[in-house]
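A short worksheet on the structure shown next.
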Amino acid sequence: MSLIKKSEANSVSMSHWHPNFRNFERLPDTKVVRTTFFINVTAITIAACLVVFVGYRQVRLRELNGQLQEAQLMIEKNTKENTEALRLTKIFDEEAKKMAEAANFTKRTLPPSEFIIMLGKTLPKEVQIESADLRYSGATGDQCILRGIVAGSKEDASGSATKYIEVLRNAPLWTAKFDSVSLGALNPDPAGGFMRFEIILKFKGAPKEKKS
Amino acid sequence: MNGNDIILLLKKNPIGVTCGIVALLCGVTLYLGAEAIDDSRLKVEASTKQSQLMINNVRNAAGLSLAKQTEAMQRAVKQLDGRLVKASQLATNLQYFYRLESETGVKLTDLRPNQAPRGSSGLYIGVPYTVTLQGTFKQVMEFLQRIESGKHFSKYSAISFNKAAGVEVASSVLSVTINIELLGTP
Numbered sequence: 001m002s003l004i005k006k007s008e009a010n011s012v013s014m015s016h017w018h019p020n021f022r023n024f025e026r027l028p029d030t031k032v033v034r035t036t037f038f039i040n041v042t043a044i045t046i047a048a049c050l051v052v053f054v055g056y057r058q059v060r061l062r063e064l065n066g067q068l069q070e071a072q073l074m075i076e077k078n079t080k081e082n083t084e085a086l087r088l089t090k091i092f093d094e095e096a097k098k099m100a101e102a103a104n105f106t107k108r109t110l111p112p113s114e115f116i117i118m119l120g121k122t123l124p125k126e127v128q129i130e131s132a133d134l135r136y137s138g139a140t141g142d143q144c145i146l147r148g149i150v151a152g153s154k155e156d157a158s159g160s161a162t163k164y165i166e167v168l169r170n171a172p173l174w175t176a177k178f179d180s181v182s183l184g185a186l187n188p189d190p191a192g193g194f195m196r197f198e199i200i201l202k203f204k205g206a207p208k209e210k211k212s
Numbered sequence: 213m214n215g216n217d218i219i220l221l222l223k224k225n226p227i228g229v230t231c232g233i234v235a236l237l238c239g240v241t242l243y244l245g246a247e248a249i250d251d252s253r254l255k256v257e258a259s260t261k262q263s264q265l266m267i268n269n270v271r272n273a274a275g276l277s278l279a280k281q282t283e284a285m286q287r288a289v290k291q292l293d294g295r296l297v298k299a300s301q302l303a304t305n306l307q308y309f310y311r312l313e314s315e316t317g318v319k320l321t322d323l324r325p326n327q328a329p330r331g332s333s334g335l336y337i338g339v340p341y342t343v344t345l346q347g348t349f350k351q352v353m354e355f356l357q358r359i360e361s362g363k364h365f366s367k368y369s370a371i372s373f374n375k376a377a378g379v380e381v382a383s384s385v386l387s388v389t390i391n392i393e394l395l396g397t398p
């Protein structure tokens, strides 16, 4: 017993029974699947992916170059006709501009001859027009001022004037051309037995007067 | 690591080293041609757009008979030009009114050219005149209608109808003052 105990006590500090001379670097890989295999597979996969990607890009580039050539060919083919079309369009635009300007110049709110005919169609027997002023431009816009006389006593004449204004306000011929019809003045004539009136007609599209 | 070590490494891992070289070459290719596809795509898009535009231009021009329309428009403008007045040709322009006077029977009591507005941005200008005339209702109407549908393009600025002074009411002679512009060139 004492011998055994002695032996156990001495085993702690005992060195290996022989030195390890194995060179691990030169020893063959004894794993089931060798590490080199994994390294190679990974390397091949990465390289293959890159090759495929580069290949795809080259093919795509080739396609694009093909499309570019096709487009260039179409451009070359149509250049002459396109230049001619553009030249004609330019000429057409310039000429159209002239026509538009002339058309805009001659655009009339209401030609005076037409106005006179309209006036004649709606003029009552007791009303006489002494003057008509048509202004097609100006600060107050297009407007017409009619001045005239109404026959009859003050009461009758004012009634006739009012009736005449109503006619002008409601006649389709007039409403199509004028926005508003208003009585500017209605005064007895000092010389005779009639009333003098002033009617203001605003053409359609004329600026409205500002109310103060 | 010296040359022997490298050769040893190559011999030991030929596949890995080859793949590495291939990957390196691919990387260099990708780096050098990184923008080639984008550039090409942009060029293709621009060229396709231009090509399509040209095709549309050519097709529209053919479909709309642009050549014929342009020709018709040019003819119309030529006619229009023939109806313009020249502001500098005062006598010729006044002759237009005097001819109307003789044709309609009105009496021109005053005929004056006015100062043309300056700084007109358009191609044409309105050449302004003030015309004062007297005549019967029928004569005046004819005069106005002739102006409205006459040789020259006209635009009224203002027109005033009054009973002619110094004549009997029953005679219904009208006095008319017209501010008119004739379309023309300087």
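Those protein sequence lines, which keep their order, are chains A and B. Numbering (our numbering) for the first sequence: 1 to 212. Numbering (our numbering) for the second sequence: 213 to 398. Glycine included, every Cβ here is placed at the ideal spot set by N, Cα and C. The model shown is predicted, which means the values in this text are computed figures rather than measured ones.
Alpha helix (DSSP H) runs contained entirely in the stretch 331 to 369 of chain B, provided each spans 4 or more residues: 349 to 360
Rounded separation between A/Gln69 and B/Ile233 - CA only: The residue you call residue 69 of chain A lines up with position 69 of the first sequence. The residue you call residue 233 of chain B lines up with position 21 of the second sequence. If you take the alpha carbons of A/Gln69 and B/Ile233, they lie about 35 Å apart.
Assigned secondary structure, A/Leu237 (DSSP; H/G/I helix, E/B strand, else coil): An answer regarding residue 237 of chain A cannot be provided, because it is not within the stretch 1 to 212 covered by chain A.
Compare the C-alpha of B/Ala303 against each of B/Arg324, B/Thr316, B/Val289 and name the closest. Reading the second sequence from its first residue, position 91 is the one you call residue 303 of chain B. Ranking B/Arg324, B/Thr316, B/Val289 by Cα distance to B/Ala303 puts B/Arg324 first.
Nearest-angstrom Cβ-Cβ length linking B/Ile359 and B/Leu312, presumed shorter than 8 Å: Against the second sequence, residue 359 of chain B aligns to sequence position 147. Against the second sequence, residue 312 of chain B aligns to sequence position 100. Contact flag correct, Cβ pair sits at about 7 Å.
Within chain A, the residues that B/Gly245 reaches when beta carbons sit closer than 8 Å: As a first step, residue 245 of chain B is located in the second sequence; it is residue number 33 there, counting from the start. Arg57, Leu61, listed in chain order.
Alpha helix (DSSP H) containing A/Ala102: first to last residue? The residue given as residue 102 of chain A occupies position 102 in the first sequence. That run of the alpha helix (DSSP H) goes 35 to 106.
What residue does the alpha helix (DSSP H) around B/Gly245 start on, and which one ends it? For this step, residue 245 of chain B is matched to residue 33 along the second sequence. Unbroken run through B/Gly245: none, as it is neither H nor E.
Residue environment, A/Thr109, which counts as buried when at least 16 other CB atoms sit within 10 Å: Position 109 of the first sequence, counted from the first residue, corresponds to residue 109 of chain A. Flag for A/Thr109 reads buried.
Limits of the unbroken beta strand (DSSP E) element including A/Asp133: One-based indexing of the first sequence puts residue 133 of chain A at position 133. Per DSSP, A/Asp133 belongs to the beta strand (DSSP E) from 127 to 135.
For A/Arg196, return the contacting residues in chain B, with the cut-off set at a CB-CB distance below 7 Å. Within the first sequence, numbered from 1, the residue matching residue 196 of chain A stands at position 196. By Cβ distance, chain B contributes nothing, its closest Cβ being about 14 Å from A/Arg196, past 7 Å.
CA-CA distance, B/Leu156 and A/Ala47? Within the shown structure, residues of chain B are numbered from 213 to 398, placing residue 156 of chain B beyond reach of any answer.
Per-residue burial, B/Arg173 [other beta carbons within 10 Å of its own, 16 or more giving buried]: The question about residue 173 of chain B has no answer, for chain B in this structure spans 213 to 398.
In the DSSP assignment, find the beta strand (DSSP E) that holds A/Pro188 and state where it starts and stops. Taking the first sequence and counting its residues from 1, the one referred to as residue 188 of chain A is at position 188. Counting along the chain, the beta strand (DSSP E) containing A/Pro188 begins and ends at 178 to 188.
Is B/Gln262 close to chain A, meaning its C-beta is less than 9 Å from at least one C-beta of that chain? Residue mapping note: residue 262 of chain B aligns to position 50 of the second sequence, counting from 1. Answer yes: the Cβ-Cβ gap between B/Gln262 and chain A drops below 9 Å somewhere.
Are the C-beta atoms of A/Asn78 and some chain B residue less than 9 Å apart? By 1-based counting over the first sequence, the position of residue 78 of chain A is 78. Yes, A/Asn78 lies at the interface with chain B (some Cβ there is under 9 Å from its Cβ).
Does the beta carbon of A/Ala9 sit closer than 9 Å to a beta carbon anywhere in chain B? Counting from one through the first sequence, the residue named residue 9 of chain A turns up at place 9. Confidence in A/Ala9 is poor, its pLDDT being 49 and thus under 50, which makes the residue's placement unreliable; the coordinate value appears in the next sentence. Taking Cβ atoms only, chain B never reaches closer than 9 Å to A/Ala9, which makes this a no.
Chain B beta carbons: is any one of them nearer than 9 Å to that of A/Ser137? Counted from its first residue, the first sequence places residue 137 of chain A at position 137. Answer yes: the Cβ-Cβ gap between A/Ser137 and chain B drops below 9 Å somewhere.
Tell me whether A/Asn23 is buried or exposed, calling it buried when 16 or more other Cβ atoms sit within 10 Å of its Cβ. Within the first sequence, residue 23 of chain A is the residue found at index 23, counting from 1. Answer is exposed; the Cβ neighbour count stays below 16.
Would you give the residue range spanned by the alpha helix (DSSP H) that B/Gln291 belongs to? By one-based count along the second sequence, residue 291 of chain B stands at place 79. Residues 278 to 294.
When the Cα atoms are used, what is the spatial distance from B/Ser251 to B/Gly228? Here residue 251 of chain B refers to the residue found at position 39 of the second sequence. Here residue 228 of chain B refers to the residue found at position 16 of the second sequence. The identity of residue 251 of chain B in the sequence shown is Asp, whereas the question assumes Ser. In a straight line, the C-alpha of B/Asp251 is about 35 Å away from that of B/Gly228.
In terms of alpha-carbon separation, which member of A/Leu27, A/Asn187, A/Thr83 lies closest to A/Gly159? Taking the first residue of the first sequence as 1, we reach residue 159 of chain A at position 159. Out of A/Leu27, A/Asn187, A/Thr83, A/Asn187 has the C-alpha closest to the C-alpha of A/Gly159.
Neighbouring residues, chain B, relative to A/Ile116 (Cβ below 9 Å): Indexing the first sequence from 1 puts residue 116 of chain A at position 116. Within chain B, the residues near A/Ile116 are Phe349, Val352, Met353, Leu356, Phe373.
What does DSSP give as the partner residue(s) for B/Asp322 in the beta ladder? Start at 1 with the first residue of the second sequence, and residue 322 of chain B comes out as number 110. Beta-bridge pairing links B/Asp322 to B/Thr344.
Under a CB-based cut-off of 9 Å, is B/Lys367 close to chain A? Counting from 1 along the second sequence, the entry for residue 367 of chain B is found at position 155. Chain A, which has a Cβ nearer than 9 Å to the Cβ of B/Lys367, makes this yes.
Quick check on A/Ser182 - is its C-beta less than 9 Å from some C-beta in chain B? In the first sequence, residue 182 of chain A corresponds to position 182, counting from 1. It does not; no Cβ of chain B falls within 9 Å.
For B/Lys298, the three-state DSSP class (helix, strand or coil): As a position in the second sequence, residue 298 of chain B is number 86, starting the count at 1. Three-state result, B/Lys298: strand.
Below 8 Å on C-beta distance, what does A/Phe24 contact in chain B? To locate residue 24 of chain A, count along the first sequence from 1; it is residue 24. Within chain B, no residue comes near A/Phe24; the closest Cβ sits about 15 Å away, beyond 8 Å.
Continuous beta strand (DSSP E) stretch holding B/Asn391: start and end: Taking the first residue of the second sequence as 1, we reach residue 391 of chain B at position 179. Looking at the DSSP string, the run of the beta strand (DSSP E) that includes B/Asn391 is 385 to 397.
Using only the alpha-carbon positions, how far apart do B/Leu335 and B/Tyr308 sit? On the second sequence, residue 335 of chain B is found 123 positions in, with the first residue counted as 1. On the second sequence, residue 308 of chain B is found 96 positions in, with the first residue counted as 1. Using only the alpha carbons, I get a separation of about 23 Å.
Between the C-alpha atoms of A/Met1 and A/Val32, what's the straight-line distance to the nearest angstrom? Within the first sequence, residue 1 of chain A is the residue found at index 1, counting from 1. Within the first sequence, residue 32 of chain A is the residue found at index 32, counting from 1. Reliability fails at A/Met1, whose pLDDT of 46 lies under 50, so the model's placement of it is uncertain and no value is given.
Which residue or residues does DSSP assign as beta-bridge partners of A/Lys154? Within the first sequence, the letter at position 154 stands for residue 154 of chain A. A/Lys154 is not bridged to any residue.
Who are the near neighbours of B/Asn326 in its chain, counting only those whose CB is closer than 8 Å to its CB and skipping five residues on each side? In the second sequence, the residue the question calls residue 326 of chain B occupies position 114. Correct list, in chain order: Pro340, Tyr341, Thr342, Asn391.
Could you give the first and the last residue of the continuous alpha helix (DSSP H) run that contains A/Leu173? Walking along the first sequence from the start, residue 173 of chain A turns up at place 173. Its alpha helix (DSSP H) spans residues 172 to 175.
List the DSSP bridge partners of A/Gln270. In the structure as shown, chain A starts at 1 and stops at 212, and residue 270 of chain A therefore has no counterpart that could be examined.
Cβ-based contacts, 8 Å cut-off: residues of the stretch 80 to 105 of chain A near chain B: Glu81, Asn82, Glu84, Ala85, Leu86, Leu88, Thr89, Ile91, Phe92, Glu95, Ala96, Lys97, Lys98, Met99, Glu101, Ala102, Phe105
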